[in-house]
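In mature numbering (1 follows the signal peptide of the UniProt record, and there is no 0), the protein residues as written are -30 to -1, 1 to 378.
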C-alpha cells in the first residue's frame, strides 16, 4: 500500500513500532488525547485496548498490535484521527478482563474500548461495557450472545462473523448426503457458543448432532474423543476450537486412529498456531469457510501490508482484517462527529455508517442497523471456502454456495 511505504520512508521501522499497543499511538503527548481537534486539526482519541499480551493466547493480542503498527498513520491521514492507545493485559482470564476493563473505563477515562478478543472474556464484561455507554469495538469475538439487542441504544459493534452466521453457512455442508455430524469444541465461551448454534441450526433444519465432545485447552491427546466419534458412526466433523494447537491435537488423533470422515470443517482459528504442531497429512482434508477473501482484493492487501510493516506473518489473519475494518469505522465516525467524547453521537455515526473501507480496494456498504451491529451476513454466495496445500498455504476452492453444490 502506498501510504505504508511512505510511512516507512518518513519514519523508519523504529518509529513505526512506536505505534504499536505498547504505549501512545501517533506520537501524541501524554494527556493530549482530548477527543477533539488540536491545532493541527487532528482529533486524538484515547482508545482503551484489552487483551492477552502474555500467556498462551497472546496471538489474540498480537493481531491488534500488528494492525496498529501497520496502519495508525493511514487512519490519521485519511480521517484526521489519531489513536492514543492505553492497553491492559488480561492474560486471557475473565477475572483479569473485568479488572482491566474497569481500569480503562473508570481510571483511564478512555473514549472507546477495543476488545477483549476472546468471546468468553467479552461475555464476562458485556453488561459493564454496555452500562458505561462507550463505543465498544469488537474485531475478534464470534459469540452472538455478546450483543444483546434488547439493550438500546446498543454500544457494541462486531467486525468478525458470528457463530450463528457460520453455522448457517456450514450446516448444509456438514449434513450433506445424510452425513452424521460430530462436533468437538473448546471448553470456553467460543466453543460453547459453537455447540449451541450448531445444535440450534440442526434442530431448526431437521437434523441432529450425533456426537458432541469437549476438549480442554492444552489437552495432550484426543484419542478417546475420536474413538467415540468412530463408535457413533460420525462421518462429518466440525471443530469449534479456539486455539490452533488444540485443533492439532484433534487432527493428530484422527490420523492415529485411522479415522477417515468424509468432511472435516473448522474455523479460521486454525490459522493461529496450528501449522507448527501438525503435519501436512493431518490438514490435507480440512476446510474452512470465511466471508473474507484472503488471497485477493482489500482483505489480501491488509495482510500483505502487515507482513511488510512488521516483518511477520499476520498473527490471526481473520482478525487482522477485522481490526482494520473496525478502526476504519470508528475513525470515520469520530471524524463525522468532530468530538470523540460525544459518545452517543459517535455511536450513532457508527450505526449509520455508509461505507466501510478495507484496504485500498474493498468496500462494504451500509452494514449496520439498530438491531444488526455485525459487519457480515450469512449469505453463502458471499463466503469463501478454503483448503490447504502441503505448505499450509490457503487454496481457494470456491464460494460456500459453489462448494455445497459441487462438494469441494
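All C-beta atoms in this analysis are idealised placements derived from N, C-alpha and C, irrespective of residue type, glycine included.
For residue 335, the beta-bridge partners assigned by DSSP are 325. Out of 52, 44, 62 and 5, the CA that lies nearest to the CA of residue 27 is found in 62.
Comparing C-alpha distances from residue 161 to each of 80, 253, 209 and 39 shows the shortest one belongs to 209. It is roughly 12 Å from the alpha-carbon of residue 105 to the alpha-carbon of residue 343. Where residue 311 is concerned, there is no enclosing alpha helix (DSSP H), because DSSP gives it neither an H nor an E. When the alpha-carbon of residue 29 is set against those of 286, 141 and 59, the nearest one is in 286. With contacts defined as CB atoms closer than 8 Å, residue 40 and residue 275 qualify as a contacting pair. Counting only the Cα atoms, residue 241 lies some 9 Å from residue 213. As DSSP reads the structure, residue 16 sits in a beta bridge with 54. Of the candidates 272, 330 and 306, 306 places its Cα closest to the Cα of residue 320.
Sequence-distant Cβ neighbours of residue 255 in its own chain, meaning closer than 7 Å and more than five residues away, are 234. In the three-state reduction of the DSSP assignment, residue 283 falls in the coil class, being assigned neither a helical nor a strand state. With contacts defined as CB atoms closer than 8 Å, residue 151 and residue 70 fail to qualify as a contacting pair. Here the alpha carbons of residue 356 and residue 201 stand approximately 29 Å from one another. In the DSSP annotation of this structure, the continuous segment of the beta strand (DSSP E) that includes residue 106 starts and ends at 106 to 108. Around residue 144, the same chain offers 151, 206, 208, 233 and 235 as residues with beta carbons nearer than 7 Å, after the five sequence neighbours per side are excluded.
Following the DSSP letters along the chain, one finds residue 67 inside the alpha helix (DSSP H) bounded by residues 64 to 72. In its chain, beyond the 5 residues on either side, 154 and 195 have a beta carbon closer than 6 Å to the beta carbon of residue 183. When the Cα atoms are used, residue 114 and residue 87 turn out to be separated by approximately 14 Å. In the displayed model, residue 81 falls within coil according to three-state DSSP, outside both helix and strand.
The Cβ-Cβ distance between residue 167 and residue 128 does not fall below 8 Å. Counting the other Cβ atoms within 10 Å of the Cβ of residue 78 gives fewer than 16, which makes it exposed. Taking C-beta separations shorter than 6 Å and ignoring five residues to either side along the sequence, the partners of residue 358 in its chain run 253, following chain order. Considering only 266, 172, 224 and 299, the residue with the shortest C-alpha distance to residue 251 is 224. When 122, 37 and 47 are compared, the shortest CA-CA separation from residue 318 is found for 122. Relative to residue 133, the option among 32, 110, 149 and 314 whose CA is nearest is 110.
Excluding the 5 residues flanking it on each side, residue 301 has same chain C-beta neighbours closer than 6 Å at 45, 49 and 51, in chain order. Ranked by Cα distance from residue 164, the first of 148, 186 and 135 is 135. When DSSP states are grouped into helix, strand and coil, residue 354 belongs to the strand group. When the five nearest sequence neighbours on each side are left out, the beta carbons in the same chain lying within less than 7 Å of the beta carbon of residue 94 are those of 64, 67 and 68, in order along the chain.
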